[in-house]
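Single-structure report; data block below.
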Amino acid sequence: MLPRQAAGRLARGARALSTSSGGQVACLDDVRSVLRLEGRSLLDYLQKVVSSDATKLAAPGAPPLYACVLTPQGRYLHDMFLHRVESGSADTQAVLVDCDAGQRRSLMDLLQRYSLHHKIDVTSASKNYSVWAAFGSGISGASAAPEREWPSDPRLPALGRRAILPRGSAPAPTASASEYACWRIKQGVAEGDAEIPSGEVVPLEYNLDKLNGISFEKGCYVGQEFVARVHALGVVRKRIMPFRLGQARGASCLSTVPLAPGVSRIFDVFDAEENLRPIGKVRALQGEFGLAKLRLKEAMAAIREEKPLLVGDLEAGTGYAEVWPWRPEWWEPSWGYEEGFEEEKQRQVA
1 MLPRQAAGRL ARGARALSTS SGGQVACLDD VRSVLRLEGR SLLDYLQKVV
51 SSDATKLAAP GAPPLYACVL TPQGRYLHDM FLHRVESGSA DTQAVLVDCD
101 AGQRRSLMDL LQRYSLHHKI DVTSASKNYS VWAAFGSGIS GASAAPEREW
151 PSDPRLPALG RRAILPRGSA PAPTASASEY ACWRIKQGVA EGDAEIPSGE
201 VVPLEYNLDK LNGISFEKGC YVGQEFVARV HALGVVRKRI MPFRLGQARG
251 ASCLSTVPLA PGVSRIFDVF DAEENLRPIG KVRALQGEFG LAKLRLKEAM
301 AAIREEKPLL VGDLEAGTGY AEVWPWRPEW WEPSWGYEEG FEEEKQRQVA
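Residue numbers for the sequence shown follow the UniProt record's numbering, beginning at 1 and rising by one.
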């Protein structure tokens with residue numbers, strides 16, 4: 001079992017684990033693909049399609065942009081990183097897109113369908129480019145290593161740097177894509193359609209607004225109305241949260257927890273003190289760390305009272321493992337307390 005007060009220390013522990021390994025460089029070819037978009041009105045087109053402010057890519061040397069494509073009903077479809085690059089001619093604009101490899105074809109079809117009135121070329125560029133991530137404490141230090149010049153990850157400074165590099169000019173990797181995923185998971189950040197179910201979820205439940213994936217200042221785009229309404233209400237009752245596995249109860253085995261919907265059964269998370277009532281689902285697992293979308297009321301109570309939640313498969317009867325969630329430090333202070341934030345602040349002061 002995790003030691004006493006483990007839940008309260010997990011955020012600090014995860015930060016220490018993430019920064020103790022020094023700088024690492026990983027190629028994400030196994031999980032990410034690259035598309036190329038080009039056209040005369042490309043940025044105008046993107047402004048109407050993606051959830052972030054595409055006009056930020058207008059200036060030469062603009063940093064990459066994190067964005068999503070939503071359904072008309074405001075549900076998440078795909079996430080992506082948009083990198084401005086030089087186009088083939090002076091009167092066109094071009095962007096490289098870092099996207100989920102498993103849904104590359106689906107995203108290409110969607111972007112092509114939306115581009116009919118803009119004459120945008122959408123092509124695969126994975127044969128010429130690959131996606132790389134640099135992460136760990138060494139990335140911010142002084143060094144001549146080329147990855148220190150890569151763009152910062154637009155979602156969160158703690159995630160390090162992220163780049164699209166021409167094949168043949170990339171460095172030798174010092175870490176695997178799985179090691180990067182584990183480190184990212186410790187920061188509480190989901191990525192791609194394997195962890196964020198396409199066509200099913202509200203983007204704010206996956207904290208995409210705080211991760212710079214949604215602009216509330218720009219004009220109309222597909223799905224904006226619903227997302228703006230949820231944001232205006234100010235109450236999100238479920239969010240993706242990082243957790244650490246603790247002691248197993250029974251013959252629990254979580255080796256089949258999927259990293260993609262449909263691969264195998266997605267495990268439920270239960271409140272041990274509420275007759276094993278489901279309060280969420282595991283969305284990713286790397287080693288002992290994972291991400292789960294949880295009801296905030298029960299998750300915050302578990303953190304406050306230093307008690308574990310449980311994860312397992314009731315149908316298979318294979319037992320359970322303890323789940324110890326924590327609040328990432330970058331969360332908004334009100335998250336989890338939207339319906340009683342003032343009372344929570346008074347309780348903490350007392």
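Idealized CB from N, CA, C, for every residue including glycine.
Keep in mind that this is a model prediction, so the values were computed, not measured.
Item: C-alpha distance - P197 paired with L77, whole-angstrom precision; Value: 8 Å
Item: Closest by C-alpha distance to D209, when choosing among R155, L165 and L233; Value: R155
Item: Spatial distance of S33 from K238 (CA atoms); Value: 30 Å
Item: Reduced DSSP category for V34 - H, G, I as helix; E, B as strand; rest coil; Value: strand
Item: Sequence ranges, beta strand (DSSP E) only - wholly within the stretch 188-236, length at least 3; Value: none
Item: Runs of beta strand (DSSP E) lying entirely within the stretch 285-333, each at least 3 residues, in chain order; Value: 289-295, 309-312 and 320-325
Item: At least 3 beta-carbon pairs within less than 8 Å: the stretch 33-53 vs the stretch 166-178; Value: no
Item: D121 beta carbon less than 7 Å from that of R40; Value: no
Item: Contacting residues, own chain, Cβ-Cβ under 7 Å from A125 (five flanking each side not counted); Value: V34, L35, R36 and L96
Item: Per-residue DSSP class, three states only, for I279; Value: strand
Item: Cβ-based burial, R283 [other Cβ within 10 Å; buried from 16]; Value: buried
Item: Limits of the unbroken beta strand (DSSP E) element including I164; Value: R161 to P166
Item: Beta-bridge pairing of Q93 - partner residues as DSSP gives them; Value: G39
Item: Coil, strand or helix - L28 by DSSP; Value: coil
Item: Buried versus exposed, by CB contacts within 10 Å (16 or more), G135; Value: Correcting the residue type first, residue 135 is Phe in the shown sequence and not Gly. F135 comes out buried.
Item: Rounded straight-line distance, which links the Cα of S152 to that of Q286; Value: 24 Å
Item: Meets three-Cβ-pair contact criterion under 8 Å: the stretch 73-87 and the stretch 97-109; Value: yes
Item: Whole-angstrom distance between D44 and G223, CA atom to CA atom; Value: 17 Å
Item: Residue span of the alpha helix (DSSP H) that contains W183, given as start and end; Value: A177 to K186
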